[in-house]
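A.B. asks: Chains as they are written, first to last, in the numbering used here: chain A, 1 to 625; chain B, 1001 to 1312.
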Amino acid sequence: MKFVRIISAAATYKLQRRYGIGMSVRPILLVTIICAGLIIAGCDGSGQLEEPNEMVLHHVLSAKIKGLDPGNMRDVYSVIVASQMFEPLYQYHFLKRPYQLVPLLAEDMPQISDDLLTYTIKIKKGVYFQDDPCFGSRPAGSPPNGKGRELKAEDFVFSLKKIANIKYLSQNWSIFDNKIAGLDEFREYTKTCKSEADVDYSRQVQGLTTPDDYTLIIKLKKAWPQLCMALADTATAPVAKEAVDYYGRDIISHPVGTGPFRLNVWRRGSYIELVRNLAFRGELYPSRGEPGDAEAGYLDDAGKPIPFADRVIWTVIEERQPAWLLFLQGKVDATVIPKDNFDEVMGGAGELTSAMKQRSIHLKTFKDPSTYWLGFNMAEPVFGKNKPLRRAISCAIDREKFIELFFNNRHLVAHGLIPPVMPSYNPEIKEKGYAQYGPEKAQELLKEAEKIHGGKLPTLKITLPGTNTWYRQYGQFLKRNLNAVGLEVETEYMDRPTYLEKVNTKSVQMFTSGSSASTPDAQDFLAMFYSRYHAPGPNKFNYSNPEFDKLYEKAQVMLDGPEKRRLYRKMELIVLEDCPAAFLNHRVAYVLHHDWYKNYKPHAFAYGLSKYRRIDTAKRAAYKN
Amino acid sequence: MTAYITRRLLYTIPIVFGVLLLTFVLFTLVGGDISIEIAGKGATRETIEEIREDYGLNKPLFLSWDSQFVNHFKNALTFNFGRARDREPVIDKIKRGLGPSLALTVPIFFGVVIISVSLALVAAFVRGTVWDILAVVICVAGMSIPYLSFILFGQYFLAYRWGLFPVFFSPELRMAQYVALPVLIGIAAGLGRNLRFFRTVMLDEIRNDYVRTAFAKGLTVRRVLFKHVLKNAMIPIITRVVLAIPFLFLGSLLLERFFGIPGLGYLMAEAIGSRDYFVISAMTYISAILFVVFNLITDICYSLVDPRISLE
């Protein structure tokens, strides 16, 4: 305050001489000094409490995570974080392509009976849950010191029963619906319970048995060749019953897993920090990959114990500018390229600009197993009976222009529904269907459509699941394309929940949507056209075709192989002919990472990859300095 | 005064009831059912029904002692806001967001008020001079520049290019460090609008006869400005300042989002986006109570600064 008085006296003297005022400057000076104090306090932006040789991975999440309970989460961000702490029975090989399943908590791949109905899975011995207060007794007033216990086959049974428990309201039940013998009956039983806590998990389920602590037997109602893929999903990772009993509904904030990391700090909505799980059994970095991996440095750490990192940090940054600036400052290891910074990053011929190369920034691109479309509601009278109208709309959309305008030319035109990264992708699909831009052809088809409709077509409506600028531009683009061939179109924009409600109640005409595969099997994409799954199920198009259904049912119980892929391609062609959607684009991810971020090989289906990442701490320190 | 305060507090009952009714109607009748979205992709009808039961959405809307509205009303009165859609207790979310939000909005509020009132007094006193014109030009420019531009500029130049501040929140930083830049941006962005308003208020006062009389009697500039002008200008200042206080609770969406401050502005915006009725309802209810209370405080302040106003 003395300092304020001295400064203000000087200023007062000057102002008094000029205008005869003095006192009014004191509050101004006071605030100025407070602001200066804030500046000084704020100056030390790089004051990280990171040991010089500590290996810390710094990641960004572009949305908040909702919870860390593997049995009841589907959003990708929660899965990314939870997958570092929870482990399922199987995982995708980190390096090999095409994608291949390998054991994780299982000792080996399952023994499958000849009728494809019984899976016998041996569980690894010596796997322990992380230490947590939920284990062991805790004397009142003393600090928690529960030692994690060994994982047993019964933990898998408990976790699957938990997903089946209707009171638990799991979003993952659809994975197991009508698949495992006795599990649906267990779900029926849970309907009679008053609450989640009343459910008796010791109740037997015919299809889930454990002859000993390290053997799990799963009996299926009918063949389900995708079971191993489902058992590689984080949703099926074992959770300890002790943790569920101890934390109750707060289990979403108290993950207790067997994985290489455990939760240290979670500031909901802003920051998540994992540290090494000291009870982790240990795992080795893969020694084999695909051709080119050794040259790319992906095998430099072959055979070394993982994880390498001491800590993994995610900062939730929903705006692009701060995420980009933190990346340039070296405070984030990898990032996607923000749309507005694309020209700053990418030069001609798909290469990085010299400015990026000078910073030793690397670019990785990979095809994402996703497809986006403009869907038609087949239960709606104008579209349901008018195939030429649907085809005309598909031909009227200039997909290349769309990709240029909205994705900096980064995406691929979708000629069909199965993305290129899937084994069942048809390389000749470009020649089929109605995805080639052709306004003249569209106009011809519209003449046919008008005949079927019995006169001029009414104004059509496109429903979009967002109200921000991007969705409005997207709507405008579609509208302009359809207007150009003579269709009258209006667009409606709404929040996602309202949109979902409208789509699920079949109250839309055309709607924009998309999907990303969670396994290399294209079944998820094809299920969206199966007539038994009409909205609110996955078939939002309300599409029905008996021939398609027959092939779908046949392929559903087949093991992966050329015959199954042939059927998938045939089903795709049926869909393209009927055109219940105009497929628009497949996403291609462009990711940048710093030179110090090692073993960063993109993977389309696996999330628990932080254990493979390594940091060259000397390089990182040099960049920051 | 006691009778007045009691009466005003009783008035809050219908207001709060109205707010509760309005939020309920907006989110149940207009907003629709959220159970489909909670159930997730590919959910069966029975799961959706179970969710409806769990959240009480299958109960009658109004005409029952166990109706959705009666429960909504009971929960609000007992401050039992239940769990948000991510199953975390709503009250925990609010408690966690309150500190960061207030750490941001309170310094901005005081900074803007103190600087703009002080500068307004000076500008009014030197009215018509180049300094006054300059102040007006800066005010108009400040009002014309979008808030987002202040943020983008401040973050890029002050934090990234010149390294004076951290770009984003990090738990290793002290709170003063990560709120410093957002506070400065908030003050800079809010100054133009407030300074212009307070200058107009001061000009209205400074032109009054009593000011000339005071100068004629030989009072000093300081005494005239602070003892007389400022005191007489207090009514509009109080109205603007005190009624702004409840909004401090709501935080600042843009600043929180760009600087990663986990406050209530961010929470509210996200709740609206995801139709988290439980969070929105709690925040609206608390805001309504704060607004009513601060309205009462404004009225009491009127009587304290202006003897002509009595609370009867």
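Idealized CB from N, CA, C, for every residue including glycine.
#1: Using DSSP with H/G/I as helix, E/B as strand and the rest coil, what is E563 of chain A?
#2: Distance, Cα to Cα, K331 of chain A vs L1191 of chain B?
#3: V157 of chain A: which of A:Y434, A:P98, A:A223 and A:L89 sits nearest, CA to CA?
#4: Going by C-alpha distance, which of A:T234, A:D198 and A:D213 is nearest G126 of chain A?
#5: My output table needs one value for H594 of chain A: the three-state DSSP class, helix, strand or coil.
#6: For a contact meaning CB atoms closer than 8 Å, what does Q329 of chain A contact in chain E?
#7: Runs of 4 residues minimum, wholly inside the segment 434-476 of chain A: which ones carry the alpha helix (DSSP H) assignment?
#8: In chain order, what residues of the same chain lie with their CB nearer than 8 Å to the CB of D310 of chain A, ignoring the 5 residues before and after it?
#9: Hey, would you say P369 of chain A sits closer than 9 Å to F94 of chain A, going by beta carbons?
#10: With a CB to CB cut of under 6 Å and the five nearest residues on each side skipped, what residues in its chain are close to A589 of chain A?
#11: Alpha carbons only, please: which of B:D1299, B:A1135 and B:A1159 is nearest the one belonging to T1200 of chain B?
#12: Please tell me whether L635 of chain A has its Cβ less than 9 Å away from any Cβ of chain B.
#13: In chain order, what residues of the same chain lie with their CB nearer than 6 Å to the CB of E155 of chain A, ignoring the 5 residues before and after it?
#14: With C-beta atoms as the reference, is A1120 of chain B less than 9 Å away from M1234 of chain B?
#15: Compute the beta-carbon to beta-carbon distance between Y607 of chain A and S62 of chain A, rounded to the nearest angstrom, for a pair I have assumed lies under 8 Å.
#16: Just how far apart, CA to CA, sit N1295 of chain B and Y1285 of chain B?
#17: Looking at the C-beta of V591 of chain A, does it have a partner C-beta in chain B at a distance below 9 Å?
#18: How long is the line joining the alpha carbons of T665 of chain A and V1019 of chain B, rounded to whole angstroms?
#19: Could you check the C-alpha separation between D301 of chain A and Y285 of chain A for me, to the nearest Å?
#20: Rounded to the nearest angstrom, how far is the Cβ of Y627 of chain A from that of Y471 of chain A, given a contact under 8 Å?
#21: Just the chain B side, please: which residues come within less than 8 Å of N504 of chain A by C-beta, in chain order?
#22: Classify M1001 of chain B as buried or exposed, calling it buried when 16 or more other Cβ atoms lie within 10 Å of its own Cβ.
#23: In terms of residues, what are the limits of the alpha helix (DSSP H) holding H1228 of chain B?
#24: Tell me the rounded alpha-carbon separation between D250 of chain A and D1086 of chain B.
#25: Against chain B, does Y372 of chain A count as a neighbour if the rule is that its beta carbon must be under 9 Å from one of theirs?
#26: Does F176 of chain A pass the burial test, meaning 16 or more other C-beta atoms within 10 Å, or should it be called exposed?
#27: Please say whether V557 of chain A and L116 of chain A have beta carbons closer to each other than 9 Å?
#28: Answer with yes or no whether the minimum CB distance from F1017 of chain B to chain A is below 9 Å.
#29: Please report the distance separating the alpha-carbon of Y1178 of chain B from that of V413 of chain A.
#30: In the structure shown, what three-state DSSP assignment does D1092 of chain B receive?
#31: At a Cβ threshold of 9 Å, is I1051 of chain B touching chain A?
#32: Below 8 Å, can you find three or more Cβ-Cβ pairs linking the segment 576-588 of chain A to the segment 397-412 of chain A?
#33: Is there a C-beta anywhere in chain B that falls below 9 Å from the one on K167 of chain A?
#34: What separation, rounded to the nearest whole angstrom, lies between the Cα atoms of R187 of chain A and N178 of chain A?
#35: Just tell me which of A:S424, A:F402 and A:T467 has its CA closest to the CA of Q436 of chain A.
#36: Let me know if K430 of chain A comes out buried or exposed under the rule of 16 or more other beta-carbons within 10 Å of its beta-carbon.
C.D. replies: Looking at the coordinates:
#1: One-based indexing of the first sequence puts residue 563 of chain A at position 563. Helix at E563 of chain A.
#2: Residue mapping note: residue 331 of chain A aligns to position 331 of the first sequence, counting from 1. Residue mapping note: residue 1191 of chain B aligns to position 191 of the second sequence, counting from 1. Whole-angstrom Cα-Cα distance: 33 Å.
#3: Residue mapping note: residue 157 of chain A aligns to position 157 of the first sequence, counting from 1. Answer by Cα proximity: A:L89.
#4: Numbered from 1 along the first sequence, position 126 holds the residue referred to as residue 126 of chain A. With distances taken between Cα atoms, G126 of chain A lies closest to A:D213.
#5: Start at 1 with the first residue of the first sequence, and residue 594 of chain A comes out as number 594. In this structure, H594 of chain A counts as strand in the three-state DSSP scheme.
#6: Protein chains A and B are contained in the structure displayed, whereas chain E is not.
#7: 439-453
#8: If you number the first sequence from 1, residue 310 of chain A lands on position 310. Same-chain partners within the cutoff: E54, M55, V56, V275 and R276.
#9: Sequence index remark: in the first sequence, residue 369 of chain A carries index 369 (1-based). Sequence index remark: in the first sequence, residue 94 of chain A carries index 94 (1-based). Not closer than 9 Å, so no.
#10: Counting from one through the first sequence, the residue named residue 589 of chain A turns up at place 589. So the qualifying residues of the chain are F366 and D368.
#11: As a position in the second sequence, residue 1200 of chain B is number 200, starting the count at 1. Measuring from the Cα of T1200 of chain B, the nearest candidate turns out to be B:A1135.
#12: With chain A covering only 1 through 625, there is no way to say anything about residue 635 of chain A.
#13: Start at 1 with the first residue of the first sequence, and residue 155 of chain A comes out as number 155. A small correction: the amino acid at residue 155 of chain A is Asp; Glu does not occupy that position in the sequence shown. Once the five neighbours on either side are set aside, the close Cβ partners of D155 of chain A are P238.
#14: Here residue 1120 of chain B refers to the residue found at position 120 when the second sequence is read from its first residue. Here residue 1234 of chain B refers to the residue found at position 234 when the second sequence is read from its first residue. No, these two residues do not count as a Cβ contact at 9 Å.
#15: Here residue 607 of chain A refers to the residue found at position 607 of the first sequence. Here residue 62 of chain A refers to the residue found at position 62 of the first sequence. About 15 Å separates the two Cβ atoms, so there is no contact after all.
#16: Along the second sequence, one-based indexing puts residue 1295 of chain B at 295. Along the second sequence, one-based indexing puts residue 1285 of chain B at 285. Those two C-alpha atoms are separated by around 15 Å.
#17: The sequence position of residue 591 of chain A within the first sequence is 591, counting from 1. By this cut-off, V591 of chain A is not an interface position.
#18: The structure shown does not extend to residue 665 of chain A, since chain A is modelled only from 1 to 625, so the question has no answer here.
#19: By 1-based counting over the first sequence, the position of residue 301 of chain A is 301. By 1-based counting over the first sequence, the position of residue 285 of chain A is 285. Roughly 6 Å separates the two Cα atoms.
#20: The first residue shown for chain A is 1 and the last is 625, placing residue 627 of chain A beyond what the model contains.
#21: Taking the first sequence and counting its residues from 1, one reaches residue 504 of chain A at position 504. The answer, in chain order, is I1036.
#22: Reading the second sequence from its first residue, position 1 is the one you call residue 1001 of chain B. With fewer than 16 other Cβ atoms within 10 Å, it is exposed.
#23: Counting from one through the second sequence, the residue named residue 1228 of chain B turns up at place 228. Where H1228 of chain B is concerned, there is no enclosing alpha helix (DSSP H), given that its DSSP letter is neither H nor E.
#24: As a first step, residue 250 of chain A must be located in the first sequence, where it is residue number 250. As a first step, residue 1086 of chain B must be located in the second sequence, where it is residue number 86. When rounded, the distance between both Cα atoms is 10 Å.
#25: The residue labelled residue 372 of chain A in the question sits at position 372 within the first sequence. No, because no Cβ of chain B sits closer than 9 Å to the Cβ of Y372 of chain A.
#26: Locating residue 176 of chain A in the first sequence gives position 176, where the first residue counts as 1. Buried is the call here.
#27: Here residue 116 of chain A corresponds to residue number 116 of the first sequence, with the count starting at 1. Here residue 557 of chain A corresponds to residue number 557 of the first sequence, with the count starting at 1. It is a contact, given that the beta carbons lie within the stated cut-off.
#28: Within the second sequence, residue 1017 of chain B is the residue found at index 17, counting from 1. Closer than 9 Å: no.
#29: The count along the second sequence starts at 1 and reaches residue 1178 of chain B at position 178. The count along the first sequence starts at 1 and reaches residue 413 of chain A at position 413. Their Cα atoms are separated by approximately 43 Å.
#30: The residue given as residue 1092 of chain B occupies position 92 in the second sequence. Residue state, collapsed to three classes: helix.
#31: Residue numbering aside, residue 1051 of chain B sits at position 51 when the second sequence is read from its first letter. Output row for I1051 of chain B: interface = yes.
#32: yes
#33: Counted from its first residue, the first sequence places residue 167 of chain A at position 167. So, interface residue.
#34: Here residue 187 of chain A refers to the residue found at position 187 of the first sequence. Here residue 178 of chain A refers to the residue found at position 178 of the first sequence. So the two alpha carbons sit approximately 10 Å from each other.
#35: By 1-based counting over the first sequence, the position of residue 436 of chain A is 436. When only C-alpha atoms are compared, the closest one is A:F402.
#36: The residue you call residue 430 of chain A lines up with position 430 of the first sequence. Answer is exposed; the Cβ neighbour count stays below 16.
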